[in-house]
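Visitor: Protein sequences, first through last, are from chains A and B. The first sequence begins at 1 in UniProt numbering and counts up one residue at a time. The second sequence begins at 1 in UniProt numbering and counts up one residue at a time. All C-beta atoms in this analysis are idealised placements derived from N, C-alpha and C, irrespective of residue type, glycine included. Just so we're clear, the structure is a prediction, and the values are computed from it rather than from any experiment. Just passing along the structure, written as structure tokens.
2 protein chains.
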Amino acid sequence: MRRHDVNVYINHYIVRPSIKQVALEAGVSIATVSRLLNNPDSVSIDTAGKVNQAIEALGFRPNFTGRNLRAGRSRTVGVVVPTLSNTVFAQCLQGVELAARQRDYSVMLTATEYRQQDEAAAVELLLAHRVDGVILTVTNADASATLDVLEREQIPYVLVYNQPQESTRPSVSVDNRAAAYDAVTYLIRLGHQRIQMLAGQFHASDRAIQRYHGYLQAMQQHNLVPLEPIEVPRHTNTSLAFEYLQAFRNPSQRPSALFCSNDLLALSAMRDLRALGLRVPDDVSIMGFDGIPLGELMEPTLSSVEQPSEQIGELALRTLVTTIEEQQGGHLVVASHILPHTVRIGGSVKPFTSHR
Amino acid sequence: MRRHDVNVYINHYIVRPSIKQVALEAGVSIATVSRLLNNPDSVSIDTAGKVNQAIEALGFRPNFTGRNLRAGRSRTVGVVVPTLSNTVFAQCLQGVELAARQRDYSVMLTATEYRQQDEAAAVELLLAHRVDGVILTVTNADASATLDVLEREQIPYVLVYNQPQESTRPSVSVDNRAAAYDAVTYLIRLGHQRIQMLAGQFHASDRAIQRYHGYLQAMQQHNLVPLEPIEVPRHTNTSLAFEYLQAFRNPSQRPSALFCSNDLLALSAMRDLRALGLRVPDDVSIMGFDGIPLGELMEPTLSSVEQPSEQIGELALRTLVTTIEEQQGGHLVVASHILPHTVRIGGSVKPFTSHR
DNA sequence: ATGAAAGCGCTAACAG
DNA sequence: CTGTTAGCGCTTTCAT
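As structure tokens, this is what we get:
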């Protein structure tokens, strides 16, 4: 009797067949069905036939909830990103998802909108779902209650973008300080002396702080006077960054180059400088950070520190899965991966010339 | 006895406390613990105290796997996007995640990289996880085996970006045809006559086809000769689009305006035209589709059909949750939501002048 | 090679 | 207000 594509209803509700109905249909025990599912070789060839037929007929699909409950594992990883509006996190997530799927892991996603209190809630949710591990970017990796929870609960996790300084926590990132140092040194080599940093709120991103340190180091090492960084609040979607750049109208108030803590900021700055009647790179050179793909599509192309976002995600997932699966074996290895960055040279930066 | 922050180990393995240990610790039955968790008012004030104390002491966290197995629901929705490299999908996902969290739903994510066979696998995975519903963008909403599976299994789903023509399937999108029509009509009003469409592979996106129909309609209605659309393969990351635009060197071969089926393509085209020595908008006007935020940051700003991606995601989630929760009540309402689009006017388009 | 049975964590009758 | 119990779907001994 062939019942393929025929659903079973009870009181209007569709009944999703379980291993139990399959067993009944095939005339075997549920254990046998389970065996076929998990270790096909352990059942005889003709029972296998019967069971497969029943599975087909009923449209059976294993229920991971039951499996996970039993196994105490979920083959699911949680991901916590600050936002998906910033391409870097989307790219990273893309890398995570791809690598996860290759390994038959699923991905549960949460976003925090850069709110530190939401980090905790996000992780709580993931823990309630019993994810096997978490990939996340936090506000401050060196003082994070959220990470402490993860440690205490001994849930494997890997930080992305965060580069913990004082603590030894598994992470995948570029060397933010060194990358910023390289970018600023590049500007200095081109003759720039008045270089200012434009950043989001420092308290919302430890990476921005590390990049600022790289800026400072480059300036000091070349005997240049660091300028006060410009800190703009988030949700400066419109030209609110505008008000922070007003001073630039006065040439003497204006840096010759602006080092931005991320590309979104860099692009906003370019637009707002333009609105102020200033030209990039002629009046101000712009250096970004992240290396988002779109930076290369514009004119002038954006100079930026390129970090391999998709790779970061992929490596984080691989590291996490390794940790999860070794955890069974006992010994945990904490690995901090620093991936190489590149200073991408684009048209938004030009050598400094005094007679401009 | 206070045991907060003290983990319980058995053979090196951490034991995550269950409702059972909490009950033991508090000296009540597991039912009481469950009640406190789900309906705090139904337990006496002092038992509540004891139980809460036990929960605190043990660091208990409810296990959704058990709960879900029992309930037959997961309070989780699955999302299937073609890719996260395209900002529109990331934005949409952002909208979904935000709205989901507000309603205490979790999000499980999968990507297909525009491979139709991966759509099926993605949905299978989500179904195995017993998600309560699915939000997805498919290659072709009118002939999708994946959607048929969803229908047959009676899993609530909502399409995003897809705008089914022949079938009546729940969806949230703009009116692609009308939007394209509006964009092209705008170009025509500006005096353009040789308008060509630049698209990704049509077979990979029903939206692109609908937009092409809008293009055709606008051209025909204004008695203009439609040009053969240019179809570029995906993963034209570098300047492969280049080869498709070579003909543009010859002014007589060149349209005065290019209507692109998405913004990524539009930006790539702008770059490649530039590389060809052509100026935008002076030599060729460019109209995009999607209205990605970055389009407004560049110079010239990108003219584009703006669709409210984050809203699309949010509304899809809301619709989905409504469906999920009404499903209990029986009657299903299939709703197709068409959200308003806007032709965003930017500097990449200028009126056509013959003496250029 | 197969079956019987226990139990993962939880909720919902049901009984008191 | 609280306890007892069954069972959601599955895997895994332990027998046979």
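So, Leu-93/B versus Gly-313/B, is the Cβ gap smaller than 8 Å?
Guide: Closer than 8 Å, so yes.
Visitor: Which full runs of the beta strand (DSSP E) of 3+ residues lie inside the region 289-341 of chain B, going along the chain?
Guide: Taking only runs of at least 3 residues, the beta strand (DSSP E) segments lying wholly in the region 289-341 of chain B are 303-306 and 336-339.
Visitor: Using DSSP's beta-bridge definition, name the partner residues of Val-160/A.
Guide: Answer is Val-172/A.
Visitor: In three-state DSSP terms, what is Val-15/A?
Guide: Here Val-15/A sits in coil by DSSP.
Visitor: Does the beta-carbon distance from Thr-32/B to Glu-97/A come in below 8 Å?
Guide: No, the Cβ-Cβ distance between Thr-32/B and Glu-97/A is not below 8 Å.
Visitor: Just the chain B side, please: which residues come within less than 8 Å of Ile-14/A by C-beta, in chain order?
Guide: Here the neighbours are Glu-153 and Gln-154.
Visitor: Three-state secondary structure (DSSP) at Met-1/A?
Guide: Confidence at Met-1/A is low in this model, with a pLDDT of 35, below 50, so its placement is unreliable and the value that follows should be read with caution. In this structure, Met-1/A counts as coil in the three-state DSSP scheme.
Visitor: In three-state terms, what does DSSP make of His-266/A?
Guide: Per the sequence shown, the amino acid found at residue 266/A is Ala instead of His. Ala-266/A falls in the helix class under three-state DSSP.
Visitor: Among residues of its own chain, excluding the 5 on either side of Pro-300/B, which ones have a beta-carbon nearer than 8 Å to its beta-carbon?
Guide: Counting only Cβ-Cβ distances below 8 Å, and skipping sequence neighbours, we find Val-280, Pro-281, Gly-346, Gly-347 and Ser-348.
Visitor: Do Phe-259/A and Val-184/A have their C-beta atoms closer together than 8 Å?
Guide: Yes, the pair counts as a contact, with Cβ atoms nearer than the cut-off.
Visitor: Classify Ser-285/B as helix, strand or coil using the three-state DSSP reduction.
Guide: Of the three classes helix, strand and coil, the one that applies to Ser-285/B here is strand, per DSSP.
Visitor: Is there at least one Cβ from chain A nearer than 8 Å to Glu-299/B's Cβ?
Guide: Yes - at least one Cβ of chain A is within 8 Å of the one on Glu-299/B.
Visitor: So what does Phe-259/B bridge to, in DSSP terms?
Guide: According to DSSP, which records beta bridges pairwise, Phe-259/B is partnered with Met-197/B and Met-287/B.
Visitor: Does the contact criterion of 3 or more C-beta pairs under 8 Å hold for the region 184-201 of chain B versus the region 157-168 of chain B?
Guide: The region 184-201 of chain B vs the region 157-168 of chain B: no contact.
Visitor: Return the residue from the list Arg-61/A, Tyr-114/A, Phe-352/A and Thr-137/A that minimises the CA-CA distance to Met-285/A.
Guide: Reading off the sequence, residue 285/A comes out as Ser, not Met. When only C-alpha atoms are compared, the closest one is Phe-352/A.
Visitor: State whether the region 69-83 of chain B contacts the region 76-83 of chain A, with contact taken as three or more CB pairs (one from each stretch) at a distance under 8 Å.
Guide: No, because fewer than three Cβ pairs between the region 69-83 of chain B and the region 76-83 of chain A fall closer than 8 Å, the two stretches do not touch.
Visitor: Per DSSP, what kind of secondary structure is Ala-111/B in: helix, strand or coil?
Guide: Ala-111/B falls in the strand class under three-state DSSP.
Visitor: Would you decide whether Ile-14/B is buried or exposed? Buried here means 16 or more other CB atoms lie within 10 Å of its CB.
Guide: So Ile-14/B ends up on the exposed side.
Visitor: Near Val-22/B, which residues of its chain fall below 7 Å by C-beta distance, leaving aside the five closest residues on each side in sequence?
Guide: Contacts found: Val-33, Val-51, Ala-54, Ile-55, Leu-58 and Phe-60.
Visitor: With a cut-off of 8 Å on the beta carbons, I'd call Val-138/B and Ala-316/B a contact; round off their distance for me.
Guide: Incorrect: roughly 13 Å between the Cβ atoms, too far for contact.
Visitor: Measuring only the C-alpha atoms, how far is Gly-291/A from Gln-307/A?
Guide: So the alpha carbons of these two residues sit roughly 6 Å apart.
Visitor: Determine, for Gln-91/A, whether the minimum Cβ-Cβ distance to residues of chain B falls below 8 Å.
Guide: Interface residue, yes.
Visitor: Classify Glu-119/B as buried or exposed, calling it buried when 16 or more other Cβ atoms lie within 10 Å of its own Cβ.
Guide: Classification of Glu-119/B: buried, given that the 10 Å Cβ count is 16 or more.
Visitor: Against Phe-64/B, what residues of chain A qualify as contacts under a CB-to-CB distance less than 8 Å, listed in chain order?
Guide: Neighbours of Phe-64/B on chain A, chain order: Ala-128, His-129 and Arg-130.
Visitor: For Ser-309/A, count the other beta carbons within 10 Å of its own beta carbon; 16 or more makes it buried, fewer makes it exposed. Which is it?
Guide: Buried is the call here.
Visitor: Could I get the ranges of all uninterrupted alpha helix (DSSP H) runs contained in the region 8-76 of chain B, with 4 residues as the minimum, in chain order?
Guide: Qualifying alpha helix (DSSP H) stretches, in chain order: 19-26, 30-38, 45-58 and 64-71.
Visitor: Going by DSSP, what residue range makes up the alpha helix (DSSP H) through Leu-125/A?
Guide: From DSSP, the alpha helix (DSSP H) with Leu-125/A extends over 116-128.
Visitor: In chain order, what residues of the same chain lie with their CB nearer than 7 Å to the CB of Pro-62/A, ignoring the 5 residues before and after it?
Guide: So the list reads Leu-37, once near-sequence residues are dropped.
Visitor: Could you check where the beta strand (DSSP E) with Leu-136/A kicks off and where it finishes?
Guide: Residues 133-136.
Visitor: What does Ser-106/A pair with, by DSSP beta-bridge criteria?
Guide: Paired residues: Thr-76/A.
Visitor: Asn-140/B to Ala-179/B, Cα distance in whole Å?
Guide: In a straight line, the C-alpha of Asn-140/B is about 19 Å away from that of Ala-179/B.
Visitor: Determine the chain B residues that contact Glu-97/A at a beta-carbon separation under 8 Å, and present them in chain order.
Guide: Chain B residues near Glu-97/A: Leu-84, Leu-109, Thr-110 and Ala-111.
Visitor: So what does DSSP say about Arg-254/A, is it helix, strand or coil?
Guide: In this structure, Arg-254/A counts as coil in the three-state DSSP scheme.
Visitor: Any idea what DSSP makes of Val-88/A, helix, strand or coil?
Guide: In this structure, Val-88/A counts as helix in the three-state DSSP scheme.
Visitor: DSSP three-state call for Glu-243/B: helix, strand or coil?
Guide: Residue state, collapsed to three classes: helix.
Visitor: To which residues of the same chain is Val-43/B closer than 8 Å at the C-beta, ignoring the five residues directly before and after it?
Guide: Cβ neighbours of Val-43/B beyond the five flanking positions: Thr-32, Arg-35, Leu-36 and Val-51.
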